[in-house]
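Beneath this line is the structure, given in structure tokens, with notes to follow.
Number of protein chains: 4
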Amino acid sequence: MIAKTIKDICLGESSSFSKTITEADVVLFAGVTGDMNPVHMNDVYAKTSMFKNRICHGGLVSALFSTVLGTSLPGVGTIYLSQESKFIKPVYLNDTITATVEVIEIIESKNRVVLKTTATNQNGDVVITGQALVMPPR
Amino acid sequence: MIAKTIKDICLGESSSFSKTITEADVVLFAGVTGDMNPVHMNDVYAKTSMFKNRICHGGLVSALFSTVLGTSLPGVGTIYLSQESKFIKPVYLNDTITATVEVIEIIESKNRVVLKTTATNQNGDVVITGQALVMPPR
Amino acid sequence: MIAKTIKDICLGESSSFSKTITEADVVLFAGVTGDMNPVHMNDVYAKTSMFKNRICHGGLVSALFSTVLGTSLPGVGTIYLSQESKFIKPVYLNDTITATVEVIEIIESKNRVVLKTTATNQNGDVVITGQALVMPPR
Amino acid sequence: MIAKTIKDICLGESSSFSKTITEADVVLFAGVTGDMNPVHMNDVYAKTSMFKNRICHGGLVSALFSTVLGTSLPGVGTIYLSQESKFIKPVYLNDTITATVEVIEIIESKNRVVLKTTATNQNGDVVITGQALVMPPR
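Protein sequences appear in the order of chains H, L, P and B.
Residues in the first sequence are numbered consecutively from 1, following the working numbering.
Residues in the second sequence are numbered consecutively from 1001, following the working numbering.
Residues in the third sequence are numbered consecutively from 2001, following the working numbering.
Residues in the fourth sequence are numbered consecutively from 3001, following the working numbering.
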């Protein structure tokens, strides 16, 4: 288990997690969150929307940042204080997303780290930008 | 299906969605996102953490805002532009969370609405605060 | 419910269970076991692997033997003592697997039965071989 | 992503993964594998069995070895050739299992590694022993 204290963390350090987001993921996420928006769940509706196809829930994609923060950088024991996410482009079913977190500020006196959070698809297009504030494990 | 255009939306208007977040939700969310952080998945570890018990993924709880935005206020056809969330208190398994969105700014010229997003548990404790920026359906 | 005692079991007797293993099965199995190996979860990575496509978890496929042992031969009340499995060929998403168990040894004095365990895909290719040791119900 | 070639692997090296196995895990595993054995699914039946309570599927518990093999030791790109598992003690719902793999033989000429596989519960009781044969990534 990776668990980096603030002294183990360097400015500019980054870590990533990649996953294909499938129809099964979208169905399960909808069930768990109750978000049955037809743009995620209804092929016929989605074809009439500006996206032309069903898209993944933004909250599913942005949750991949938490996967990296809590298991890799800083790792186990991290306390997640806040997340800002801008949804730049739609994520379609079967897109493979890479969620990357990069350390952009270290506030040692308060045991806080700010990370830039970026999600890209298999074509390298940025789909989410944002930042996270965390307390690394002590 | 509810789908409010910007002309149908009033300042101060709000809408909510409530759901008990169960162990099954946490298991499914972990599988979908890959987030196997032991504070969510491991009873023995969680007892040693500052939370003293397994807690729900923050991204699961904040995803309830999207449920309200995309199905109720503004409703179907809404485009989710950004979300900021501060994780104030932990959410434990079997807590019942109410996610509320409240219109705090209407920018009619750009077809944008800003909503305050607040999640509370069954005791009325605020667990997440933040805000969302959306484009209502035209 | 089938529950065969050792006296009801014949050498050479066999039983099977068949199931299509879908993408949803793989997503759920990953969540339950924590096994997020990209060869199972990431289309882009899997294309670069020797398998050229995402494959199912071996443990998911070999678990089908337990389905047969515990519900059909010997059936309910069986105690599963051990399993050996050789993973011969990859199982791809949407393959239909038939798991067969065949009685190859009956040790009546100790109430133990040895079964050959074989999984084949829809083309008749053997994907797993091995054997199980069980105690039939009394 | 961890991916150790055979030259990076040392005799005696080990790695572990821990997870509480919950009722939701058992339900999902049953659905995925079709193993509806009442000792896993039926409280009333299970109380009459020698185990006195519902127990987890052995295949679910032994699948945790694959999690370690494919993501940590040797890591991504590992090819799983075989697994032998002896089911020593029952695993009950809400037990927290630690699956450990330990390198016991390195066959460099054939690019194969043999690992001892041991699962223990939260009390330190060994519930599964066995061994795995894998090809590390090249």
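For every residue, glycine included, the Cβ atom is placed at its ideal position computed from N, Cα and C.
Note to self: Just to confirm my understanding: we take V2126/P, look at its own chain, exclude 5 residues before and 5 after, and list those with CB closer than 8 Å. What are they?
What the structure shows: Here the set comprises I2088, K2089, T2118, A2119 and T2120.
(request) Just tell me which of I1128/L, N1094/L and N1123/L has its CA closest to the CA of R1054/L. (result) Nearest to R1054/L by alpha-carbon distance, out of I1128/L, N1094/L and N1123/L, is N1094/L.
ask   = For the beta strand (DSSP E) that contains A1119/L, what are its first and last residues?
value = Following the DSSP letters along the chain, one finds A1119/L inside the beta strand (DSSP E) bounded by residues R1112 to T1120.
### Message
With a threshold of 8 Å between beta carbons, is V1044/L in contact with chain B?
### Response
Yes, V1044/L lies at the interface with chain B (some Cβ there is under 8 Å from its Cβ).
Can you check the region 2047-2093 of chain P for any beta strand (DSSP E) of at least 3 residues that lies completely inside it and give the ranges in chain order? Entirely contained in the region 2047-2093 of chain P, the beta strand (DSSP E) runs reaching 3 residues are, in chain order, 2079-2087.
Which residue's Cα is closest to the Cα of C2010/P: L2060/P, Q2083/P, I2104/P and K2019/P? Here the closest residue by C-alpha is I2104/P.
Checklist entry - Residue range of the beta strand (DSSP E) that L3133/B falls in? => result Judged by DSSP secondary structure, L3133/B falls within the beta strand (DSSP E) whose first and last residues are V3126 to M3135.
Using beta carbons (cut-off 8 Å, strictly below), is Y1092/L in contact with chain H?
It does not; no Cβ of chain H falls within 8 Å.
Discussion item. So with CB distances below 9 Å, who are the chain L contacts of L3028/B?
Written reply: The answer, in chain order, is A1024, V1027, L1028 and G1031.
**Report entry** Rounded Cβ spacing between A2024/P and T3033/B (contact assumed at less than 8 Å)
**Finding:** Not confirmed; about 13 Å, so no contact.
Note to self: Does chain P have any CB closer than 8 Å to the CB of S2966/B?
What the structure shows: Lying before the first or after the last residue shown, residue 2966/B is absent from chain B, which here runs from 3001 to 3138.
Chain B contact residues for M1041/L, given Cβ-Cβ distances below 7 Å
Correct list: K3019 and T3020.
Member of L1060/L, I1107/L and T1098/L whose CA lies at the smallest distance from the CA of K1019/L: The shortest CA-to-CA distance from K1019/L to any of L1060/L, I1107/L and T1098/L is the one to T1098/L.
Checklist line | Residues that DSSP places opposite T2998/B in a beta bridge | finding: The structure shown does not extend to residue 2998/B, since chain B spans only 3001 to 3138, so no value can be given for it.
Which value, in whole angstroms, describes the spacing of the CA atoms of N2037/P and S1085/L?
Rounded to the nearest angstrom, the two C-alpha atoms are 30 Å apart.
Task: Bridge partners - V2103/P, DSSP secondary structure assignment - done: Beta-bridge partners of V2103/P (DSSP): L2115/P.
message = Would V91/H and A3/H be called neighbours here (beta carbons separated by less than 8 Å)?
response = Contact flag unset, no.
Are the beta-carbon atoms belonging to S3016/B and V3061/B less than 8 Å from one another?
-> Not in contact: S3016/B and V3061/B (Cβ atoms no closer than 8 Å).
message: Let's see if you can read the secondary structure: which residues bound the beta strand (DSSP E) around T2020/P?
response: Where T2020/P is concerned, the enclosing beta strand (DSSP E) stretches over S2014 to T2020.
Handout entry: Min CB distance E1084/L to chain H below 8 Å
Key = Look at E1084/L: its C-beta is under 8 Å from a C-beta on chain H.
_Residue-level contact to chain B via CB, N2111/P, 8 Å cutoff_ = Not an interface residue.
message: Residues of chain P with CB closer than 9 Å to the CB of G1058/L, please, in chain order.
response: Ordered by position in chain P, no residue passes the 9 Å Cβ test against G1058/L, which lies about 18 Å from the chain.
Exercise. Just grab the DSSP bridge partners of T1098/L for me.
Key: T1098/L is bridged to S1018/L and T1120/L.
Taking D1008/L as the query, report the chain H residues whose CB atoms sit under 7 Å from its CB, ordered along the chain.
Residues of chain H whose Cβ lies closer than 7 Å to the Cβ of D1008/L do not exist, since the nearest Cβ in that chain is about 18 Å away.
Practice item. Pull up the CB-CB distance for D2066/P and D3035/B, whole angstroms please, since I reckon it's below 8 Å. Key: Checking the displayed sequence, the identity of residue 2066/P turns out to be Ser instead of Asp. Contact flag correct, Cβ pair sits at about 5 Å.
Checklist entry - What residues from chain H crowd round P2038/P, counting only those whose CB sits closer than 7 Å? => result Neighbours of P2038/P on chain H, chain order: S18.
**Study point:** Contact set for D2043/P: own chain, Cβ-Cβ below 7 Å, skip 5 residues either direction
**Key:** Around D2043/P, the same chain offers R2054 as residues with beta carbons nearer than 7 Å, after the five sequence neighbours per side are excluded.
- Query: By Cβ distance below 8 Å, which residues in the same chain neighbour V3039/B in space, the five residues on each side in sequence not counted?
  - Reply: For V3039/B, where only same-chain residues beyond five positions count, the Cβ hits under 8 Å are Y3045, A3046, S3049, F3051, R3054 and I3055.
Would you say V114/H reaches chain L, if we count a Cβ-Cβ gap shorter than 8 Å as a contact?
False, the Cβ-Cβ gap to chain L never drops below 8 Å.
Q. Got a sec: which bits of the region 119-132 of chain H sit with their beta carbon under 9 Å from any beta carbon on chain L, in order along the chain?
A. Listed by position along the chain: G130.
How big is the Cα-Cα spacing for R3112/B and I21/H? Computed Cα separation, rounded: 33 Å.
Check your understanding: Nearest-angstrom Cα distance between V2101/P and G3059/B?
Key -> In this structure, the CA atom of V2101/P is about 16 Å from the CA atom of G3059/B.
Ignore the nearest five residues each way along the sequence and tell me which others in Y3080/B's own chain have a CB closer than 6 Å to its CB. Within the same chain, Y3080/B has close Cβ partners V3134.
query = Cα separation between K1110/L and M1041/L?
reply = Going from the Cα of K1110/L to the Cα of M1041/L covers about 43 Å.
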